[in-house]
Structures are given as C-alpha cells and as structure tokens.
Amino acid sequence: MKHLKRITIALFLFVATTGFISAQKMAHIDVQELLTAMPEMKAAQAELQKLGETYKADIESSVTELKNKYNQYSTEAATKSKEENDKRAAELQGYEKNIGDAQNAAQQELQKKQQELMGPITEKAKAAIEKVAAAEGIDYVMDASPGGGLIVAKGKNLLPQVKKELGF
455 MKHLKRITIA LFLFVATTGF ISAQKMAHID VQELLTAMPE MKAAQAELQK
505 LGETYKADIE SSVTELKNKY NQYSTEAATK SKEENDKRAA ELQGYEKNIG
555 DAQNAAQQEL QKKQQELMGP ITEKAKAAIE KVAAAEGIDY VMDASPGGGL
605 IVAKGKNLLP QVKKELGF
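Just so you know, we're using this note's numbering here: the sequence shown kicks off at 455 and counts up by one.
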C-alpha cells in the first residue's frame, strides 16, 4: 500500500511539473546571426580590422628592420671582435623581445577594443530580444546559435521581429 502511495505521488508530481513546463511559452533566436546582421557590428568589425592591420604593419616593419640588422651584422661579423659580435647579438635579442612584447600588447589592445565596441552592440540586441519576447508573451528564449545551448528548436523564431525592432 505504501509503495502504491509513493508511485501515485511521484506520478502526480511528474504530471504537475510537466504541465507547468508545457504552459511556458518558448521561442528561439540565432543570436550570432542577429549580431552579424546588425549595421553597428559591421562598423565595429571594420574598425577592428583597420586597427589590426595598423598593428600588423607596425610589427612587420619592425621585423623587416630586425632582419636587415641581422643581415648587416652577419656580413660584418668576420671583421668585428668577439665582444662587438656579442654586443650585437644581445642587441638583436633585445629587438626580438621588443617585437614579441609589441605583438602581445597589440593582441591585448585588440581584445580590449573588441570588448569596448561589442559590449553596447550585444546589450542593444539583448534589449531588443527582451522587448520582442515581452510583446509576444514569450517566457523563455533559447539561443539557437551553434553551441548556444539549444535543446529543441520547434519554438517561434524571433529573429525577424528583433531585426524589425532594430530597424533593419
């Protein structure tokens, strides 16, 4: 008898929980697709690419200068003393270290700039998603981007309404 009571209670809880979950309205949106389509994102990506190319050109210039010094020092090595050659080798190592430091600094600056540019864009997208979801009476919105944690994609796709909300 106790066993039957437990099964009945468990079944009741399962049905109640299932009913609660199914009463919730769910939808999905591919956030990555939305962000890619936003004009602000295209402008931010162009700015990041331009900044990256500037850093790349500066670093390539330094590498070319290092190669030229290395070639010069290599051809002159036979005519220089051991102390002078050691001094030049240390100088070249210093240049290499400076180039490595510049590459790391450029990478960090690019990441910082990316966060600075992308933060407001993702916040704007999130606000639009929340507004559309509220207008549609949606309780949960799942990210349909690859790796976005989507389990089922049978719900309503909010991408068209969110694009409309953002004006594109």
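Every residue, glycine too, gets a C-beta built ideally from N, C-alpha and C.
First through last residue of the alpha helix (DSSP H) which encompasses ASP512:
One-based indexing of the sequence shown puts residue 512 at position 58. Taken as a continuous stretch (DSSP letters only), the alpha helix (DSSP H) holding ASP512 covers 493–530.
Going by the beta-carbon positions, is the gap between ILE583 and MET492 smaller than 8 angstroms?
Locating residue 583 in the sequence shown gives position 129, counting from the first residue. Locating residue 492 in the sequence shown gives position 38, counting from the first residue. No, the Cβ-Cβ distance between ILE583 and MET492 is not below 8 angstroms.
Using a threshold of 8 angstroms, state whether the C-beta atoms of LEU571 and ILE483 are closer than that.
Walking along the sequence shown from the start, residue 571 turns up at place 117. Walking along the sequence shown from the start, residue 483 turns up at place 29. Their beta carbons are not under 8 angstroms apart, which means LEU571 does not touch ILE483 by this criterion.
ASP593 beta carbon less than 8 angstroms from that of GLN478
Counting from one through the sequence shown, the residue named residue 478 turns up at place 24. Counting from one through the sequence shown, the residue named residue 593 turns up at place 139. Yes.
May I ask you to report which of helix, strand or coil DSSP gives ASP593?
Sequence index remark: in the sequence shown, residue 593 carries index 139 (1-based). Note: ASP593 maps to coil in three-state DSSP.
With burial defined as no fewer than 16 other Cβ atoms inside 10 Å of the residue's Cβ, what is the status of LEU458: buried or exposed?
As a first step, residue 458 is located in the sequence shown; it is residue number 4 there, counting from the start. Because the pLDDT at LEU458 is just 46, under 50, the model does not fix this residue reliably, and the value given afterwards should be weighed accordingly. So LEU458 counts as exposed.
When you compare only the Cα positions, how much space is there between LYS580 and GLY573?
The residue labelled residue 580 in the question sits at position 126 within the sequence shown. The residue labelled residue 573 in the question sits at position 119 within the sequence shown. Near 11 angstroms, if we compare the C-alpha coordinates of GLY573 and LYS580.
To the nearest angstrom, how far is the alpha carbon of THR485 from that of SER599?
Position 31 of the sequence shown, counted from the first residue, corresponds to residue 485. Position 145 of the sequence shown, counted from the first residue, corresponds to residue 599. Per the sequence presented here, residue 485 reads as Val, with Thr not at that position. One C-alpha to the other measures close to 6 angstroms.
May I have the straight-line CA-CA distance separating GLU545 from GLU538, to the nearest angstrom?
Position 91 of the sequence shown, counting from 1, holds the residue named residue 545. Position 84 of the sequence shown, counting from 1, holds the residue named residue 538. When rounded, the distance between both Cα atoms is 10 angstroms.
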